[in-house]
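In this note's numbering, each residue's number is its place in the sequence shown (first place is 1) plus 46. Ideal placement from N, C-alpha and C gives every residue a C-beta, glycine not left out. Given the structure is predicted, the values throughout are model-derived calculations rather than measurements. Just below is one structure, and these are the notes that go with it.
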Amino acid sequence: MAQTGGEFNPENIDRSKIDPSFLAVIRQREELKSKLSGIKHKIGVYSAKGGVGKTTTAVNLAYALSSMGFKVGILDADIDTPNVTYFVGYKGEPPRDYPLKPIEVGGVKIISTAMFFQDSGKPIIWRGPMLTKMLKEFFADTQWGELDYLIIDLPPGSSDSPLTIMQLIPLDGFVLVTTPQHIAAINTIKSGTMAKKFGLALLGVVENMSSGTPKGASEVAESLGCDVLGMIKADQRIADFSDEGKVAVLEDSRIKEAFIDIVKRLIS
47 MAQTGGEFNP ENIDRSKIDP SFLAVIRQRE ELKSKLSGIK HKIGVYSAKG
97 GVGKTTTAVN LAYALSSMGF KVGILDADID TPNVTYFVGY KGEPPRDYPL
147 KPIEVGGVKI ISTAMFFQDS GKPIIWRGPM LTKMLKEFFA DTQWGELDYL
197 IIDLPPGSSD SPLTIMQLIP LDGFVLVTTP QHIAAINTIK SGTMAKKFGL
247 ALLGVVENMS SGTPKGASEV AESLGCDVLG MIKADQRIAD FSDEGKVAVL
297 EDSRIKEAFI DIVKRLIS
């Protein structure tokens with residue numbers, strides 16, 4: 047069962063009695079909700095620690111959903127270290143349309159800052175306000191069309207980008223990602239605690255690089271009161287597929303089956 051800290055509803059607030067800066071946040075949230083009205087479900091994939099397979103999970107969840115007949119998009123919210131396009135093998139020309147139009151790879155719509163920087167070896171060196179501005183543009187000015195699911199690959203940590211998403215975007219909730227290691231579980235618990243402070247639902251936790259028995263995921267689920275959605279067993283082929291720009295669920299039936307099981311628990 048997804049857990050929430052009590053969803054924030056701006057309609058219940060007496061606006062004459064609140065600070066103007068907070069009122070501006072409410073106004074932005076309402077504007078974004080309207081612009082994203084064609085998207086039925088918005089799900090964040092999140093962990094406070096990098097290297098746990100967050101992007102791997104986000105990409106393969108999206109393509110697993112697509113394989114089940116849903117209309118799906120991926121938003122790469124890791125603005126200064128984007129990886130989604132590499133994981134799906136996109137090497138096309140950067141789009142020049144405005145409002146922004148997502149690229150489509152294998153039936154899934156994708157938007158990422160990596161699409162606009164052809165030299166992947168150069169770092170994107172932006173301060174927090176610029177990151178936040180770009181992130182808001184991705185939500186407000188991207189022509190997603192009608193989608194059943196938008197999967198949002200968040201950056202690790204608790205900096206400006208995750209804060210902006212939690213404050214402004216009306217999400218269904220978060221899928222947390224951990225590995226079996228205790229330290230990864232501790233950091234993932236921090237992620238979930240942060241989401242709950244904003245009144246956002248925890249849809250469950252996925253254990254990546256698992257031995258087959260949930261260890262880190264069980265620790266996270268017990269601490270936060272959410273479900274273990276499933277485990278992705280340690281498998282070098284998943285990393286190899288990503289390095290080759292191939293989506294694992296489209297290449298291997300056993301990997302696809304594991305992600306389909308997770309998706310079924312998620313959407314049920």
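Which class does Gly152 belong to by DSSP, given the choice of helix, strand or coil?
-> coil
Counting pairs of beta carbons, one from the region 111 to 131 and one from the region 216 to 235, are three or more of them closer than 8 Å?
-> By the Cβ criterion, the region 111 to 131 is not in contact with the region 216 to 235, since fewer than three pairs of Cβ atoms, one from each stretch, lie closer than 8 Å.
What do you get for Lys261, buried or exposed, if any count of 16 or more other CB atoms within 10 angstroms of its CB means buried?
-> That one is buried.
Output the residue ranges of the alpha helix (DSSP H) runs that lie fully inside the region 101 to 157 and measure 4 residues or longer, sorted by chain position.
-> Here the runs fully enclosed are 130 to 133.
Determine the burial state of Thr259: buried for a count of at least 16 other Cβ atoms within 10 Å of its Cβ, exposed for fewer.
-> exposed
Kindly give me the distance between the Cβ atoms of Met277 and Ser256, rounded to whole angstroms, as I take these residues to be in contact under 8 Å.
-> Contact flag correct, Cβ pair sits at about 4 Å.
Simplified DSSP state of Gly96, which is helix, strand or coil | coil
With Ser256 as the anchor, note down where its beta strand (DSSP E) starts and where it stops.
-> Leu248 to Ser256
Among Ile125, Glu303 and Ala231, nearest to Glu268 - alpha-carbon criterion = Ala231
Would you mind working out which of Lys279, Ser264, Phe287 and Asp281 sits nearest Asp273, comparing C-alpha positions?
-> Ser264
With a CB to CB cut of under 7 Å and the five nearest residues on each side skipped, what residues in its chain are close to Glu297?
-> The answer, listed in chain order, is Phe287.
Let me know if Asp187 comes out buried or exposed under the rule of 16 or more other beta-carbons within 10 Å of its beta-carbon.
-> exposed
Do the region 148 to 165 and the region 83 to 91 touch if we need at least three Cβ pairs shorter than 8 Å?
-> no
Please state if the CB of Lys182 and the CB of Thr225 are separated by a distance shorter than 8 Å.
-> no
Please classify Glu253: is it buried, with 16 or more other beta-carbons within 10 angstroms of its beta-carbon, or exposed?
-> It is buried - the Cβ of Glu253 has at least 16 other Cβ atoms within 10 Å.
Might you give, ordered along the chain, the residues of its own chain that have their beta carbon closer than 8 Å to the beta carbon of Phe185, omitting 5 neighbours on each side?
-> Leu78, Lys81, Leu82, Leu121, Leu214 and Ile215
Range of the contiguous beta strand (DSSP E) that encloses Leu200 = Looking at the DSSP string, Leu200 is not in any beta strand (DSSP E), and its letter there is neither H nor E.
Can the beta-carbon of Thr103 be found closer than 8 Å to that of Asn129?
-> no
Just mark Pro145 as buried or exposed, buried being the case when its beta carbon has 16 or more other beta carbons within 10 Å.
-> exposed
Count the other CB atoms within 10 Å of the CB of Gly250; is the residue buried (16 or more) or exposed (fewer)?
-> Result: buried.
Report, in whole angstroms, the separation of the C-beta atoms of Ser205 and Ser93, which I expect to be a contact under 8 Å.
-> The Cβ separation is near 13 Å, so there is no contact.
May I have a chain-ordered list of the alpha helix (DSSP H) segments no shorter than 4 residues that lie completely inside the region 221 to 308?
-> 228 to 243, 262 to 270, 282 to 289 and 294 to 297
Got a sec? Which residues, its chain only, sit under 8 Å from Glu290 by beta carbon, not counting five neighbours each side?
-> Closer than 8 Å at Cβ, skipping near neighbours: Gly135.
Go through its chain and collect everything with a Cβ distance to Glu303's Cβ below 8 Å, but skip five positions before and after it.
-> none
If we count the other Cβ atoms within 10 Å of its Cβ and call it buried at 16 or more, is Lys95 buried or exposed?
-> buried
From Ile89, Lys279 and Arg283, residue whose alpha carbon lies closest to that of Leu248 | Ile89
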